[in-house]
Structure formats: structure tokens, C-alpha cells
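Residues in the sequence shown are numbered consecutively from 0, following numbering that gives the first Met the number 0.
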Amino acid sequence: MPAVDSAQRFDFSTLQPDLILDALHHYGLDVSSGLLPLNSYENRVYQFSAYRDGASQPQKLVVKFYRPERWTAAQINEEHQFAFELVEAEIPVVAPLLFAGSSLLEYQGFLFTVFPSRGGRTLEIDNDEQLALLGRFLGRMHLVGQKKPFVERPEFSIHSHLQQSQQVLATLDLIPQYLRPAFDSALQQVIAEASRQYKPSRLIRLHGDCHAGNLFYTGESPFFVDLDDCRNGPAMQDIWMMLSGDRQQQRLTLMS
């Protein structure tokens, strides 16, 4: 894959439909439909149908163009390798497709990946049977995740999620001056309390963004999508985002 100059600064302004179609055609995909935008905050994601490898019927696919400068190619490849390990362990996750042995593709400076499109229903958080299945698959995912750590991707830490944000906010004028003392004081208290409480004994590779929007149910089992935020962290990170309601409701969910 051609190297992308990390010093080059660009955004999605040049990612027009013609460029997307040209990129897909460049890797042998004969697109037979329009591009349907899918919800994504960080990246640009589109569903489409295309003929591949001389197939007689088009296949429904999804292409994700990564937000420039968010992840390096090495970090994205680690994400993909984790997905391939999970698939090999028969854990239901949607992994990237390979093109000439590569899952991370490049076209005119953009990094992108193509996935099979897989449909399903949103996981029902109040369904005990589905929660039990989810718990089993999360446990299996974490068994794979603990075999080795990510090397290129970051970890959940006080520094990455609180102290760095504090440093950035200190350089910006987003907070009115009359609120600044109270804001800084409250943030410092949060950092101090988190530093006392957050002392994980073990960090493993995680999904990293394990919420209901990234989990679907087919009637047989839940399956996971979007490992874009995977990183090293405590196992609880893949659990707490599934909790909602008051303390009693959260306790019931955990017990399920």
C-alpha cells in the first residue's frame, strides 16, 4: 500500500461521490447501486452493492473512509488484525474484506476499508436471553483480547481521557472567563477522584465502543461491528456502556 504523507493536512472536503466510486473501481469493485450514507461521527461510511471477482450477483458491501490524521496506518492494521483473530475464534464480528492480501486500502491520500454488509435487529438491552448471549460472547472476546496487547493503539488512561483534554481546553477560548475558575476546579476534582479510583490491575485489547448501536442480533446470536475505537483497557470498559437506568436497573442488567 502506498505510504501517506503524515505531514499532509487534509479533510473530507475532497471526498466526493466520483472519488469514492473511482476508489472502489480501482480495487476491482463494479458498483451497481448508489452510495447510501450510514451514521458515523468520525469517519465517512457508505453502503452500496457491487460485483466482485466476476460474480453473477452483486454483493451488498460497506466502505469506511477513515477520518484523516485520526489513526495511523499501523494502528488501523492492528484493529483489522484483532478482527481477524476474533473471526478465527468464531466470535461474531464483522471483519474487513481482503484485496490482494490487504484490508487497508489507499486512494488519492485517503485510507479506507470495505466490509460485508450484515443486517440485524438492535440488541434489546432489557431482554435477559440476549444479554446472556452478549455476556458469553464478550467473555470470549476478552479471552482473545488478553492473549497479547495492542502495540500501536493507545490505552484508556487518566492521561489520555482527562489530563490531555484538560490541557487542550486550557488553550482554547470555548469556556467564558467567568465560568473558567469553577470549570477548572470541577475538572481538577474529577481528575483527582478518577486517579484515586481508576487503578486497573490488567489491561487487555477491547472493543472499546461497545454500546447498543454497535451490537446487533440475528435471532441466533449478537454480533459486533465497528472496532474503530479498540484499544487497551480494563474489561469493564466493554460493559459499562451497556448499562442504563438507576442503580437497581444496572444491577439487574449485570446479573442477567
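C-beta atoms are modelled at their ideal positions from N, C-alpha and C, and glycine is treated no differently.
Measuring CA to CA, which of the options is closest to residue i?
| i | options | result |
| --- | --- | --- |
| Gly27 | Thr121, Gly118, Asp127, Leu96 | Leu96 |
| Arg117 | Val61, His160, Gln80, Phe155 | Val61 |
| Gln80 | Leu20, Lys63, Ala169, Val150 | Val150 |
| Leu132 | Ile90, Ser39, Phe155 | Ile90 |
| Ala88 | Tyr40, Ala72, Leu137 | Leu137 |
| Glu78 | Asp227, Asn38, Ser159, Gly100 | Asp227 |
| Asn38 | Gly212, Glu128, Ser12 | Gly212 |
| Asn76 | Leu171, Gly108, Phe109, Leu104 | Leu104 |
| Val44 | Leu178, Phe11, Glu192 | Phe11 |
| Glu192 | Leu161, Ala72, Ser220 | Leu161 |
| Tyr40 | Ala22, Pro16, Arg69 | Arg69 |
| Asp237 | Asp225, Cys209, Gly218, Leu20 | Cys209 |
| Leu35 | Gly53, His24, Pro16, Ala22 | Pro16 |
| Met241 | Gly134, Ser164, Leu18, Lys147 | Gly134 |
| Glu235 | Tyr197, Val224, Gly218 | Per the sequence presented here, residue 235 reads as Met, with Glu not at that position. Among Tyr197, Val224, Gly218, the Cα nearest to that of Met235 is on Tyr197. |
| Gly218 | Asn126, Leu18, Ser55, Ser194 | Asn126 |
| His158 | Lys147, Gln56, His206, Gln187 | Gln187 |
| Ser184 | Gln165, Asp172, Arg195 | Gln165 |
| Leu205 | Tyr177, Trp239, Gln176, Pro180 | Trp239 |
| Arg152 | Leu20, Lys146, Gly207, Gly53 | Gly207 |
Quick check on residue i: does DSSP put it in helix, strand or coil?
| i | result |
| --- | --- |
| Asp237 | helix |
| Arg230 | strand |
| Glu68 | coil |
| Arg152 | coil |
| Leu28 | strand |
| Thr217 | coil |
| Val61 | strand |
| Leu37 | strand |
| Ala2 | With a pLDDT of 42 at Ala2, under the threshold of 50, the predicted position of this residue should be treated as unreliable, though the coordinate-derived value follows. Reduced to three states, the DSSP call for Ala2 is coil. |
| Leu142 | helix |
| Ser267 | The requested residue 267 does not occur in the structure, where the chain is confined to residues 0 to 255. |
| Ser159 | helix |
| Gln129 | helix |
| Leu18 | helix |
Over the uninterrupted beta strand (DSSP E) stretch that includes residue i, give me the two end residues.
| i | result |
| --- | --- |
| Val49 | Residue 49 is actually Ala in this sequence, not Val. First-last of the beta strand (DSSP E) with Ala49: 43-51. |
| Leu122 | First-last for Leu122: undefined, no H or E at that position. |
| Glu105 | 104-106 |
| Pro95 | From DSSP, Pro95 is part of no beta strand (DSSP E); its letter is neither H nor E. |
| Val113 | 109-115 |
| Arg204 | 203-205 |
Which residues in the same chain have their Cβ closer than 7 Å to the Cβ of residue i, if we skip the five residues on either side of it in sequence?
| i | result |
| --- | --- |
| Pro199 | Pro233 |
| Glu283 | This structure gives no information on residue 283, because the portion of the chain shown stretches from 0 to 255. |
| Leu85 | Val92, Met140, Val143 |
| Gln129 | Leu122, Glu123, Tyr216, Pro221 |
| Ala82 | Val92, Ala94, Pro95, Leu226 |
| Leu14 | Arg43, Phe64, Phe109 |
Let's see if you can read the secondary structure: which residues bound the alpha helix (DSSP H) around residue i?
| i | result |
| --- | --- |
| Phe182 | 179-196 |
| Val167 | 163-169 |
Just to confirm my understanding: we take residue i, look at its own chain, exclude 5 residues before and 5 after, and list those with CB closer than 6 Å. What are they?
| i | result |
| --- | --- |
| Phe215 | Gly119, Phe222 |
| Val113 | Leu60, Val62, Leu96 |
| Tyr65 | Asn42, Leu110 |
| Ala22 | Tyr106 |
What residues in its chain sit with their C-beta under 8 Å from that of residue i, if we drop five residues either side in the sequence?
| i | result |
| --- | --- |
| Ile174 | Leu168, Phe182 |
| Phe98 | Tyr26, Gly27, Leu104, Val113 |
| Met0 | Low per-residue confidence applies at Met0: pLDDT is 42, beneath 50, and the placement is therefore not dependable, though the value from the model is reported in the following sentence. For Met0, where only same-chain residues beyond five positions count, the Cβ hits under 8 Å are Ala72, Ser101, Leu103, Leu104, Glu105. |
Run the proximity test for residue i: is its beta-carbon closer than 6 Å to any non-hydrogen atom belonging to the ligand PLP?
| i | result |
| --- | --- |
| Glu151 | Only the bare structure without any ligand can be found here, which leaves the ligand PLP out of the picture. |
Touching by the beta-carbon criterion (3+ pairs, under 8 Å), the stretch 11-31 and the stretch 45-55
Yes, the stretch 11-31 touches the stretch 45-55.
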